[in-house]
């Protein structure tokens, strides 16, 4: 997808699911971005251009733009591969961090951000975090596990694969609760 495709896709998601007014009464917002990024936290599009994760994607879902989600938990998951073509020096590990950076706070201070980053030369491990996240949430969600517990379980799965992972979730605890529909 190029930058224009990504922007159009996001606009369509917002319109299709009526997110501006939250007519469907969603109780949380989870955004997952997967792809290649450079050292400026910029997503590299399929045509070789760039789109800012914060300015062009993340900011669309902040309370200032989408008041309907102001009191809902918001989670941004970035599962990315840093490409060596942009001169990065990242340790040979997968890192997951809850980050509160200055530039993140100016866009949306109430999002929790999880980064899973691997080096380009470890591309065969790229789906490791996504698969573990998907499988863990599917298995643990209905059993009432907190998000912290799920992240620890994900860490154990990745550690079993001989990879290191860092998790920092010290100031947030999420508990997933099944919504009862009548």
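In UniProt numbering, the protein residues as written are 1 to 182.
C-beta: ideal position from N, C-alpha, C; glycine also.
Bear in mind the structure is a predicted one, so any value in this text is a computation, not a measurement.
Residue i classed as buried or exposed, judged by whether at least 16 other C-beta atoms fall within 10 angstroms
i           : result
residue 79  : buried
residue 111 : buried
residue 23  : exposed
residue 17  : exposed
residue 21  : exposed
residue 28  : exposed
residue 138 : exposed
residue 132 : buried
Residues sharing a beta bridge with residue i, DSSP
i           : result
residue 75  : 30 and 112
residue 36  : 81
residue 44  : 50
residue 237 : Residue 237 lies beyond the residue range present for the chain, which begins at 1 and ends at 182; the question has no answer from this structure.
residue 158 : Beta-bridge pairing links residue 158 to no other residue.
Nearest to residue i (by Cα), restricted to the options the options
i           : options              : result
residue 81  : 115, 52 and 62       : 115
residue 72  : 25, 148 and 154      : 25
residue 159 : 128, 140, 54 and 134 : 128
residue 117 : 39, 144 and 75       : 39
residue 192 : 134, 15 and 64       : Residue 192 is absent from the model: the chain starts at 1 and stops at 182.
residue 130 : 155, 143 and 144     : 155
residue 1   : 12, 19 and 47        : 47
Residues near residue i in its chain [Cβ-Cβ closer than 6 Å; skip 5 each side]
i           : result
residue 77  : 32 and 114
residue 36  : 44, 81 and 83
residue 55  : none
residue 153 : 136
Residues of its chain near residue i, where Cβ-Cβ distance is below 8 Å and the 5 sequence neighbours each way are ignored
i           : result
residue 57  : 6, 10, 31, 33, 43 and 51
residue 53  : 33, 37, 41, 42, 43 and 78
residue 149 : 140
residue 183 : As shown, the chain starts at 1 and ends at 182. That puts residue 183 outside it, with no answer to give.
Same chain, Cβ closer than 7 Å to residue i, five either side skipped, listed in chain order
i         : result
residue 3 : 45, 49 and 51
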